[in-house]
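Chains as they are written, first to last, in the numbering used here: chain A, 1 to 225; chain B, 1001 to 1225.
From the three backbone atoms N, C-alpha and C, an ideal C-beta is built for every residue, glycine too.
Being a predicted model, the structure only gives us computed values, none of them experimental.
The structure appears right after this line, and notes come after that.
There are 2 protein chains.
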Amino acid sequence: MNNQIQPAYEFAVIATDTVIFTIQNNELRVLLIKMKKKPFADRWAVPGGLVLGDESVDVAAKRHLMNKAGVKNVYLEQLYTFGEVDRDPFGRVVSVAYFALIPSANVSLKTTAEYADVRWFQVNDLPKLAYDHKKIVKLAIERLRAKLTYTNIVFSLLPDEFSLSELQKIYELILGKKFDKRNFRKKILSLNLIKNTGKQQLGSPNRPPELYTFIKKQLENIQIL
Amino acid sequence: MNNQIQPAYEFAVIATDTVIFTIQNNELRVLLIKMKKKPFADRWAVPGGLVLGDESVDVAAKRHLMNKAGVKNVYLEQLYTFGEVDRDPFGRVVSVAYFALIPSANVSLKTTAEYADVRWFQVNDLPKLAYDHKKIVKLAIERLRAKLTYTNIVFSLLPDEFSLSELQKIYELILGKKFDKRNFRKKILSLNLIKNTGKQQLGSPNRPPELYTFIKKQLENIQIL
């Protein structure tokens, strides 16, 4: 860093924090780690960490996601940059927040020496969070709810093949309301988003449900609801 | 900044850059400033600047918007944080990008000693830009186009009172397509977004158009098109 930058502009440390969502036991859940160090000992936080000098912010987010939650190649989107002056007691740390969506809770919940614990929490029943992470999680939930209505983002929470009931269930869990089965199916099928695989769900007794798959697995704006 | 942060994590400077849009002469335009200093002498850039040590990132964005473009109290939204390692030749500068929308080009285009020039450019006819600002402007245009379809954001580009033709014109200019007048009006009026003021546009000869106003001037998700 050369001296053309005036000293009035203090330097900051850049961090990334990622809100990881999944559907587990019919609940929308978020992954939290329990911290060991003061001043946040025993507080829960969203997994994240600092950005190295030679890595881009987006790459750092992927690295922390892999190292701290054991996941890669999942849906990851930048959420918002939190830049309040006093948000971290260690000094000026600007956090670029992301959210990730994973199809099912197959994350390896392995506690490292760095943390006291790691656990999935139902989004409506969160413990007290460190830093400004309550604000970060709240914004991530709002963004996810909004995007369910005007994009095809739901693909990132489902397995490759799924039944229409499973799809509807995800909408109901995240948006917190019920949909009429017949209208919901009619709407979803009219959008040309998913196609019938010709297969049926195994292990179902009479009338096994048909399995569908997404035609495209890339984010697109499309009015769903 | 105390030494609990490991030296491996280099410090960065935080900047904000704001893409300012307006509608002028039936074109979607963006405000650019012409730089004086090497290595970007005579290149155009989006107005912005560094974040002070004692101000939040969002506050810095508002300060630069006021100081460099003379506007305040306009629609301002965080766009994306650009964190590539080499994006600034002066060193590690992470840019939190925003976009602003102003109803008409009443920005004071006063060149300061810091810049060679300041000017509005049509978004499809931009000059060569400094840093990664081409990427920033491109993303801002995409975001604006998408938000026109699923939010009421258009309110921020219109004066307090406007005709339905003016509203339709903005959609056509930004999305780059024509809408059927009758269908467009029917759709817009069905959404409960705007109300008739009972007034008519002055200076119009026969059949002066009726003037409308937005019921709410806060961003909401609502399917428009």
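Neighbourhood of residue 57 of chain A by C-beta, 8 Å cutoff - its chain only, sequence neighbours within 5 removed: 14, 16, 51, 96
Beta-carbon neighbours of residue 1190 of chain B, restricted to chain A and to distances below 8 Å: What residue 1190 of chain B touches in chain A: nothing, since even the nearest Cβ is about 15 Å away.
Residues sharing a beta bridge with residue 97 of chain A, DSSP: A:17, A:80
Alpha-carbon to alpha-carbon, residue 119 of chain A and residue 41 of chain A: 16 Å
Test: residue 1156 of chain B CB closer than 8 Å to a CB of chain A: no
Residue 1018 of chain B beta carbon less than 8 Å from that of residue 1098 of chain B: yes
Residue(s) in a DSSP beta bridge with residue 147 of chain A: Its beta-bridge partners do not exist; DSSP assigns none.
Beta carbon of residue 72 of chain A nearer than 8 Å to that of residue 155 of chain A: no
Beta carbon of residue 141 of chain A nearer than 8 Å to that of residue 219 of chain A: no
Any C-beta of chain B under 8 Å from that of residue 58 of chain A: yes
Pick from B:1214, B:1059, B:1033 that is closest to residue 1113 of chain B, judged by C-alpha positions: B:1033
Beta-carbon gap between residue 1123 of chain B and residue 1028 of chain B smaller than 8 Å: yes
Whole-angstrom distance between residue 1065 of chain B and residue 1076 of chain B, CA atom to CA atom: 9 Å
Residue 1026 of chain B: first and last residue of the uninterrupted alpha helix (DSSP H) it sits in: It is not in any alpha helix (DSSP H) - residue 1026 of chain B carries neither H nor E in the DSSP assignment.
For residue 1057 of chain B, the three-state DSSP class (helix, strand or coil): helix
Against chain A: residues of the segment 1035 to 1057 of chain B by CB proximity under 8 Å: 1050, 1051, 1052, 1053, 1054, 1055, 1056, 1057
Identity of the residue in B:1060, B:1055, B:1173, B:1053 nearest residue 1047 of chain B by Cα: B:1060
DSSP state of residue 193 of chain A mapped onto helix, strand, coil: coil
Helix, strand or coil at residue 182 of chain A according to DSSP, with G and I counted as helix: helix
Residue from A:87, A:101, A:129 whose Cα sits closest to the Cα of residue 45 of chain A: A:129
Near the ligand COA: residue 1169 of chain B beta-carbon under 7 Å from a heavy atom: Judged by which ligands are present, the structure shown has none, so any question about the ligand COA falls away.
Identified DSSP bridge partners for residue 1129 of chain B: B:1044
Short-range partners of chain B found in the segment 77 to 99 of chain A, where Cβ spacing is below 7 Å: 78, 80, 81, 83, 84, 85, 90, 91, 92, 94, 96
Beta strand (DSSP E) segment containing residue 1157 of chain B, residue limits: First-last for residue 1157 of chain B: undefined, no H or E at that position.
Listed by chain order, chain B residues near residue 137 of chain A by CB distance under 9 Å: Correct list: empty, because the minimum Cβ distance to chain B is about 17 Å.
Own chain residues within Cβ distance below 7 Å of residue 1088 of chain B, not counting five before or after: 1131
Residues, ordered as in the chain, of the segment 1140 to 1154 of chain B that lie near chain A by beta-carbon distance below 8 Å: 1146, 1149, 1150
Residues in the segment 168 to 190 of chain A having any Cβ partner in chain B nearer than 7 Å: none
Contact with chain B by residue 4 of chain A, beta-carbon distance below 8 Å: Its pLDDT being 46, under 50, residue 4 of chain A is placed unreliably in this model, and the value from its coordinates should be taken loosely. Output row for residue 4 of chain A: interface = yes.
DSSP beta-bridge partners of residue 119 of chain A: A:32
Three-state secondary structure assigned by DSSP to residue 172 of chain A: helix
Residue 135 of chain A, DSSP secondary structure in three states: helix
Identity of the residues DSSP links to residue 50 of chain A by a beta bridge: A:15
Neighbourhood of residue 179 of chain A by C-beta, 7 Å cutoff - its chain only, sequence neighbours within 5 removed: 168, 171, 172
Opposing strand residues paired with residue 221 of chain A [DSSP bridges]: A:151
Under 9 Å (Cβ pairs) to chain A, residues found in the segment 1194 to 1224 of chain B: 1221, 1223
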